[in-house]
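S.K.: Count along the sequence shown from 1, add 1359, and you get the number used in my numbering. All residues carry an ideal CB built from backbone N, CA and C; glycine is no exception.
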Amino acid sequence: MRAQHSLDLIAIGRCGIDLYGEQTGGRLEDMSSFAKYAGGSPTNTAIGLSRLGLRSALLTRVGADHFGRFLREQLAREGVDVRGVHEDRERLTALVFLGISDPDTFPLIFYRENCADMALSASDVDADFVRSAKAVLINGTHLSRDNVLEASVRACEIARAGGGKVVFDIDYRPVLWGLTGKDEGENRFVAHTEVTARLQQVLPLCDLIVGTEEEIHILGGTTDTIAALRAIRAKTAALLVCKRGAKGCVAFPDAIAADLDAGVVGRGFRIEVFNVLGAGDAFMAGFLRGWLRDEPLPICCEYANACGAIVVSRHGCAPAMPTWIELRRFLDAPAHPFRLREDAALEHVHWATTRSGRWDELTVLAMDHRSQFEEICDKVGAERSRIDEFKKLALRAVDRLAQGDPRFGVLLDGRYGMRGLEAAANHPYWIGRPIELPGSRPLEFECSADVATEIATWPANHVIKCLVFYHPDDPADLRERQERQLLRLQDAALKTRHELLVEVIASPHGPVDARTVSRVIQRLYDLGMKPDWWKLEPSDDAGAWANIDRTIRANDPLCRGVVLLGLSAPEEKLIASFRNAAAVPVVKGFAVGRTIFADAAERWLSGQIDDDAAVADLARRFGVLVDAWRAARAPALRGEVA
């Protein structure tokens, strides 16, 4: 394999939307809501490989529709090269409905009639793109169509001519060959001589072939596994890998022995099966992580078995794929719970290493205030209905300053800021949204009693912000009530796949010293809290920030970081507080509101200024703080000691 390759692998074939039933333990007919994920075997493998640290790409077609755009965006978020993802303006993106009925029953319905990815043709195969990869991956399902077979063979021939490798995932779905009823998508095997003959056409091109025993049977033309492997070996010298479910896998680099267990194996893992869908794609990603880096064959098998075991314990396919950090943690652990999805530490690593985006800096205009805006309206005699219109101006102000820079963000509420939240959907900015009832102590939520049902209605990119007035020396009963609420909220956030920002204000409720806030943070970590973000009060105490930084790093090194709140501090005082905070690596920026908007809001609501003047004032004040933060941060970024 040549060093000049810019990609490790190009996966070719299916790319669609998986719509996963969110209810488990019943029929697909009785599932009432569905989670939307990227899907299709090659797509899942490309995502899995990227998460494991390799450079993957996809060659496919998606529709010129909302789902096609989602797939391109999600692939890019996952680090998958999308240069080969072509837009088909004549066909829609493929859909699959999937369910989890019991450990042996996983109903599937494929909506793939004349879909975009099945229209892939040889003209979509760019020779330079294919030659840029160490290997290409083709899938058996796609070979059911002449045009896709031609495209796949062309890619394989180009790859081999350029010194690349060819990987074949047998990936047999009888329903997509027209061999079963359309409601039998989960059926994994129907013997068919014509399918066998068609699949065998690509064998001379292959360097690695992977399949389950049933897939080995269809490729080899017999239900005797050893005989099937030998039939395949007669047509190719490729490394053959047979997936055996809970037994792991067995690999045959050379001749096929009389005993299936005589091949090369890797360490296996006994894990409760929750969902087999996607486990094979994870297996392939894990195997390729080792194989493409020339690691020993037993290690390749171990990676593959581990990735399959992790994914078989989770809901979904692509989103369940482990990251390299996660895989190493799994492999290095002395033992695993049989119900692996209940391993909270591993699940946190999975969540924290698969979140979208990265922020080394985050500067946010916070206008999620509700009671404060009501007070301004009462003061100037304005109708509260006008608050919504003013809050829309926040996004305009951020956009004027940021010009599309994703290091900026907005905090807006659903009560008075919904129009702004809706408009923010079309921008690349960080979006936060409050859940707490303003001023509540003990903490209450501004929604129904079941906070998860409220958050489930929020777009996935809305970060939940929760302000809690919490002092470590509060009475025990008050602390416990607030802690129960925070734990409920974190559980809801994890189940609805939303990030969580916890804002802590301690100063109004007791004396504050260098350990006060770090004690709060440590207490919440001890309870099992691991928010994605913390939002903390400004302080000029370098010792306090050192304690905060040390506490977060010790308990959750994968935490996104801290942003500063403003507490209505005058601009000069807030800027002065930036110096000590900016020197601390875990502090990423600020989310400030009233320091920026208070004057403009009062003048706009009283009719003294118009929209343009308000936007200009908001952008100017916000810009002053952004510049001050960056100036304070610059010495730390240069490695200087403040």
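Just grab the DSSP bridge partners of residue 1804 for me.
M.R.: Partner(s): 1795.
S.K.: With burial defined as no fewer than 16 other Cβ atoms inside 10 Å of the residue's Cβ, what is the status of residue 1828: buried or exposed?
M.R.: Buried, by the Cβ-count rule.
S.K.: How long is the line joining the alpha carbons of residue 1801 and residue 1837, rounded to whole angstroms?
M.R.: Each residue's alpha carbon lies about 6 Å from the other.
S.K.: Where are the alpha helix (DSSP H) runs, 4 residues long or more, that stay fully inside the region 1532-1580, in chain order?
M.R.: Listed in chain order, the complete alpha helix (DSSP H) runs (minimum 4 residues) inside the region 1532-1580 are 1552-1559, 1572-1579.
S.K.: Which complete alpha helix (DSSP H) runs does the region 1806-1878 hold, if anything under 4 residues is left out?
M.R.: Whole alpha helix (DSSP H) segments, 4+ residues: 1810-1814, 1835-1855.
S.K.: Does DSSP put residue 1680 in a helix, in a strand, or in coil?
M.R.: Coil.
S.K.: Taking just the CA atoms, how far does residue 1611 sit from residue 1623?
M.R.: Using only the alpha carbons, I get a separation of about 6 Å.
S.K.: Hey, residue 1615 and residue 1578: beta-carbon distance below 7 Å or not?
M.R.: Result no, Cβ atoms of residue 1615 and residue 1578 do not sit closer than 7 Å.
S.K.: Look at the Cβ atom of residue 1877, then the Cβ atom of residue 1739, and state whether they are nearer than 7 Å.
M.R.: No, these two residues do not count as a Cβ contact at 7 Å.
S.K.: Any chance the region 1481-1498 sits against the region 1509-1523, with 3 or more Cβ pairs inside 8 Å?
M.R.: With a cut-off of 8 Å, the region 1509-1523 and the region 1481-1498 count as touching, because enough Cβ pairs lie within range.
S.K.: Give me, in chain order, the residues of the same chain whose beta-carbon lies closer than 8 Å to that of residue 1745; leave out the 5 immediate sequence neighbours on both sides.
M.R.: Excluding residues within five positions, the ones whose Cβ falls inside 8 Å are 1736, 1964.
S.K.: Leaving out five residues on either side along the sequence, give the residues of the same chain with a beta carbon under 7 Å from the beta carbon of residue 1572.
M.R.: Excluding positions up to five away in sequence, the list reads 1584, 1601, 1603.
S.K.: Whose C-beta lies closer than 6 Å to the C-beta of residue 1360 among residues of the same chain, with five residues either side of it excluded?
M.R.: Residue confidence is low: residue 1360 scores 39 on pLDDT, short of 50, so the model does not pin down where it sits. Its coordinate-derived value is still stated next. Taken in chain order, the residues that qualify are 1493.
S.K.: Helix, strand or coil: how does DSSP classify residue 1777 here?
M.R.: If DSSP states are grouped into helix, strand and coil, residue 1777 belongs with the helices.
S.K.: Count the other CB atoms within 10 Å of the CB of residue 1369; is the residue buried (16 or more) or exposed (fewer)?
M.R.: When all chains shown are included, residue 1369 counts as buried.
S.K.: Can you list, in chain order, the stretches of the beta strand (DSSP E) that have 3 or more residues and sit fully within the region 1927-1971?
M.R.: Counting whole runs of 3 or more residues, the region 1927-1971 contains the beta strand (DSSP E) stretches 1946-1951.
S.K.: Please work out which residues of its chain come closer than 8 Å, Cβ to Cβ, to residue 1910, disregarding the five sequence neighbours upstream and downstream, and give them in chain order.
M.R.: Cβ neighbours of residue 1910 beyond the five flanking positions: 1877, 1880, 1881, 1884.
S.K.: Just to confirm, are residue 1424 and residue 1396 a CB contact at a threshold of 7 Å?
M.R.: Taking 7 Å as the Cβ cut-off, residue 1424 and residue 1396 do not qualify as a contacting pair.
S.K.: So within the region 1586-1671, which uninterrupted alpha helix (DSSP H) runs reach at least 4 residues, ignoring any that extend past its ends?
M.R.: Complete alpha helix (DSSP H) runs here, min 4: 1638-1650, 1656-1670.
S.K.: DSSP on residue 1772, reduced to helix/strand/coil?
M.R.: The answer is coil: DSSP assigns residue 1772 none of H, G, I, E or B.
S.K.: Given a threshold of 16 other Cβ atoms within 10 Å of its Cβ, counted over all protein chains shown, does residue 1373 qualify as buried or as exposed?
M.R.: By the 10 Å Cβ count, residue 1373 comes out buried.
S.K.: Just grab the DSSP bridge partners of residue 1674 for me.
M.R.: According to DSSP, residue 1674 bridges with nothing at all.
S.K.: Considering only the alpha carbon of each residue, which of 1939, 1675, 1399 lies closest to residue 1906?
M.R.: It is 1939 whose Cα lies nearest to the Cα of residue 1906.
S.K.: In the structure shown, what three-state DSSP assignment does residue 1422 receive?
M.R.: Here residue 1422 sits in strand by DSSP.
S.K.: What span of residues does the beta strand (DSSP E) with residue 1449 cover, start to end?
M.R.: That residue, residue 1449, is in no beta strand (DSSP E); it is neither H nor E in DSSP.
S.K.: Leaving out the 5 sequence neighbours to the left and right, which residues in its chain are closer than 6 Å to residue 1985 when beta-carbon positions are compared?
M.R.: Excluding positions up to five away in sequence, the list reads 1722.
S.K.: Measuring straight from C-alpha to C-alpha, what distance separates residue 1304 and residue 1534?
M.R.: The requested residue 1304 does not occur in the structure, where the chain is confined to residues 1360 to 2001.
S.K.: For residue 1415, does the count of other Cβ atoms within 10 angstroms reach 16, so buried, or fall short, so exposed?
M.R.: When all chains shown are included, residue 1415 counts as buried.
S.K.: If I follow the unbroken alpha helix (DSSP H) through residue 1483, where does it start and stop?
M.R.: Per DSSP, residue 1483 belongs to no alpha helix (DSSP H) and is neither H nor E.
S.K.: Short check: CB of residue 1546 to CB of residue 1539, under 7 Å?
M.R.: Yes, they are a contact pair.
S.K.: Taking the alpha-carbon positions, what's the residue 1420 to residue 1509 distance?
M.R.: Each residue's Cα considered, the two are about 15 Å apart.
S.K.: Among 1776, 1887, 1758, 1792, whose alpha-carbon lies nearest the alpha-carbon of residue 1786?
M.R.: Considering only alpha carbons, the answer is 1758.
S.K.: Measuring CB to CB, does residue 1947 end up less than 7 Å from residue 1720?
M.R.: Closer than 7 Å, so yes.
S.K.: For residue 1304, which residues from the same chain have a beta carbon less than 6 Å from its beta carbon, with the 5 sequence-adjacent residues on both sides left out?
M.R.: In the structure as shown, the chain starts at 1360 and stops at 2001, and residue 1304 therefore has no counterpart that could be examined.
S.K.: Output the distance between the C-alpha atoms of residue 1808 and residue 1591, rounded to the nearest integer angstrom.
M.R.: Roughly 60 Å separates the two Cα atoms.
S.K.: Please report the distance separating the alpha-carbon of residue 1625 from that of residue 1566.
M.R.: So the alpha carbons of these two residues sit roughly 20 Å apart.
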